[in-house]
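These notes concern the structure reproduced below.
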Amino acid sequence: MADTNKEIILVTGATGQIGTVLTEALRDHYGIDHVLATDIKKPEVDAGRFEMLDILNTQRIKEVVQDNGITTVYHLAAILSASGEWNPQKTWNVNMNGLMSILELGRDTSVTKIFFPSSIAVFGLSTPRVHTPQDTVMTPTTVYGISKEAGELWCNYYHQRFGLDVRSVRYPGIISYQSMPGGGTTDYAVDIFHQAILQGQYTCFLKADTRLPMMYMDDSIRATLELMAAPSDKIKIRTAYNLSAMSFTPAELAASIKKHIPDFKITYEPDARQAIADSWTESIDDQAARKDWGWKHAFDLDAMTLEMLTQLKKKYNHGE
Ligand code: NAD
Ligand code: SER
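Using numbering that gives the first Met the number 0, read the sequence shown as starting at 0 and increasing by one per residue.
Below, the structure is given as structure tokens:
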């Protein structure tokens, strides 16, 4: 197990969808003074130590690490799949050069352990679509997916070559009530809940039958903490572990919402994000994560729907 008293943690991209929730979980787990949140966007709520930090400013990253005696980095800063297509060069620069700066910290600073979130976006049109294996054909079509696939290989390289303790999972689409997603192809599965409560209807940018792997935020945070706390010899895969909880289509998600909001209506107006979703796989074989470090998801579609609606109704003051 990790010695929670010794780790001093830096989180990049800490005010994003996952960073907002992960930073809070890390502060709960390791102590508020042990976690430094950074981003180019300020947090909505002042909940602990925060510093503005552009992941492309390599010199400043080093200074922040040295000044704070950072031992562990959760490197979340990235540009996601849909936003990434607007400016492929910038996306490559942020996602790839940002990661390289973080990996280099493991060679010449106090940093010894790094978490890098990969994605189902590493898969492509020639990847097996159902129960996608851990080791398989990787033909990503988006610049985001290419950067994540290259990133996985660099993580593995730094582990093999320099002994750096880098750990990674391929997150599915993450669904949360605490924070909004930031420009991904799976964002519909969050927005739909807000619109169901506020408007009673939702226009989906993917087709009704587009099946994608998804995960509730609680599960993704627990997976991240468990992966990082596992003894190093249990981590057999140093590219990135497949990680799975559920797979559903927009029509199936709408049906789950209708169990609680019977008048809820969904219409479909697919846009450019449809091609990205079509290039990803439907379901994931995550046996390696389950076997190596004991991964087990808790939320299925209906459990997640109930929790999302309950939490968002509280947020919007829509009492039952
Ligand atoms: P997000 O877009 O909500 O957050 C990313 C954060 O990175 C933002 O707060 C943004 O301000 C920050 N950022 C962008 N450019 C930066 C720069 N130059 N310097 C510093 N910070 C910068 O994304 P998220 O959903 O929270 O994702 C976090 C990580 O998890 C990303 O690496 C993403 O690829 C990965 N991931 C997310 C999902 C998902 O469904 N949310 C799925 C798979 C993988
Ligand atoms: N949820 C992310 C996206 O849609 C996948 O990495 O971009």
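All C-beta atoms, glycine included, are put in the ideal place defined by N, C-alpha and C.
Threonine 141 sits away from glutamate 50, with the two beta carbons spaced by 8 Å or more. Annotation for arginine 210: no beta strand (DSSP E) segment contains it, and DSSP assigns it neither H nor E. Here glycine 293 has Glu225 and Ala229 as same chain residues with Cβ atoms under 8 Å from its own Cβ, once five neighbours each way along the sequence are excluded. In this structure, the CA atom of lysine 290 is about 11 Å from the CA atom of tyrosine 240. In chain order, Cys203, Leu205 and Ala207 place their CB closer than 6 Å to the CB of proline 249, counting only its own chain and leaving out the 5 sequence neighbours on each side.
When secondary structure is reduced to three states using DSSP, methionine 227 falls in the helix class. In its own chain, leaving out the 5 sequence neighbours on each side, no residue places its CB closer than 6 Å to the CB of arginine 221.
The ligand NAD has no heavy atom closer than 7 Å to the beta-carbon of isoleucine 191. A residue is called buried when at least 16 other Cβ atoms come within 10 angstroms of its Cβ; tyrosine 315 does not meet this threshold and is exposed. Where aspartate 285 is concerned, there is no enclosing beta strand (DSSP E), because DSSP gives it neither an H nor an E. If you draw a straight line from the Cα of lysine 264 to the Cα of lysine 257, it is about 8 Å long. Rounded to the nearest angstrom, the gap between the Cα atoms of threonine 11 and aspartate 164 is 18 Å. According to the DSSP assignment, serine 118 belongs to the beta strand (DSSP E) that extends over 112 to 118. For the pair isoleucine 173 and methionine 303, the CB atoms are not nearer than the 8 Å cut-off.
A distance criterion of 7 Å places the beta-carbon of alanine 76 in contact range of the ligand NAD, judged by its closest non-hydrogen atom.
Counted as a single uninterrupted DSSP element, the beta strand (DSSP E) harbouring glutamate 50 occupies residues 49 to 51. A residue is called buried once 16 or more other Cβ atoms fall within 10 Å of its Cβ, and arginine 106, having fewer, is exposed. Counting C-beta atoms within 10 angstroms of its own C-beta, alanine 36 has 16 or more neighbours from the protein chains shown and is therefore classed as buried. Short note on glycine 183: C-beta closer than 7 Å to some heavy atom of the ligand NAD. Annotated three-state conformation of histidine 130 is coil, per DSSP. With contacts defined by Cβ atoms closer than 8 Å, serine 117 and glutamate 151 form a contacting pair.
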